[in-house]
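What follows is a single structure, written as structure tokens, with notes after it.
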């Protein structure tokens, strides 16, 4: 062995050591890339689920806001119907029945994010405003300060407050 061969052997050993180190690094890098890819997939899935939950929450809030608007309309139609006599209230009676039926159905459909007794609470309103002399031609018009009108207004207002509380629960305010 010649002295000139020693640097060649050292270079060969260093090349082998470098090749082994690069191979280990490449395997580690491939494993890191696989881990990063799986983490990115999990993050995307979490983001997707979070977006779905937020969309569902927004849709629920929109539905609750629509119920609030419909309650305001129900109160207006109730006042219009009961403050006119039985002969003039046919259109208002029809609107009243449609609104009541729609709100009753939605109270049952949305009970998962309303409160437990929402359907029963709305039934009290329905029975009050469509009971008694409802759709009786000989019915006399009530004055706006009649106790019947006051009770209807209070029931609808209390229900609206409960709908707003349900909205606040969705916003995690309660």
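In the working numbering, the protein residues as written are 1481 to 1654. For every residue, glycine included, the Cβ atom is placed at its ideal position computed from N, Cα and C.
Helix, strand or coil for residue i per DSSP?
i            : result
residue 1527 : helix
residue 1495 : helix
residue 1594 : coil
residue 1615 : coil
residue 1621 : coil
Look at residue i and residue j and say whether their C-beta atoms are less than 7 Å apart.
i            : j            : result
residue 1544 : residue 1646 : yes
residue 1672 : residue 1609 : With the chain represented from 1481 up to 1654, any question about residue 1672 goes unanswered, as that position is not in the structure.
residue 1606 : residue 1580 : yes
residue 1541 : residue 1617 : no
residue 1576 : residue 1561 : yes
residue 1635 : residue 1629 : no
residue 1619 : residue 1551 : no
residue 1624 : residue 1571 : no
Return the first residue and the last residue of the alpha helix (DSSP H) that residue i is part of.
i            : result
residue 1627 : 1627-1650
residue 1563 : No alpha helix (DSSP H) contains residue 1563, which DSSP labels as neither H nor E.
residue 1608 : 1598-1610
residue 1588 : 1570-1589
Within 7 Å of any Cβ in chain C, is that where the Cβ of residue i sits?
i            : result
residue 1523 : Judged by its chain identifiers, the structure shown contains no chain C, having just a single protein chain.
Which term fits residue i, buried or exposed, when burial requires 16 or more other beta carbons within 10 angstroms of its beta carbon?
i            : result
residue 1594 : buried
residue 1574 : exposed
residue 1598 : buried
residue 1494 : exposed
residue 1516 : exposed
residue 1644 : exposed
residue 1586 : buried
residue 1569 : buried
residue 1555 : buried
Within 6 Å: the Cβ of residue i and any heavy atom of the ligand FAD?
i            : result
residue 1567 : Annotation note on the ligand FAD: not contained in the displayed structure, which lists no ligands.
Less than 7 Å between C-beta atoms, sequence neighbours within five positions excluded: which residues of the same chain meet that for residue i?
i            : result
residue 1602 : 1583, 1584, 1587 and 1639
Tell me which residues share the same chain as residue i and place their Cβ nearer than 8 Å to its Cβ, disregarding the 5 neighbours each side in the sequence.
i            : result
residue 1520 : none
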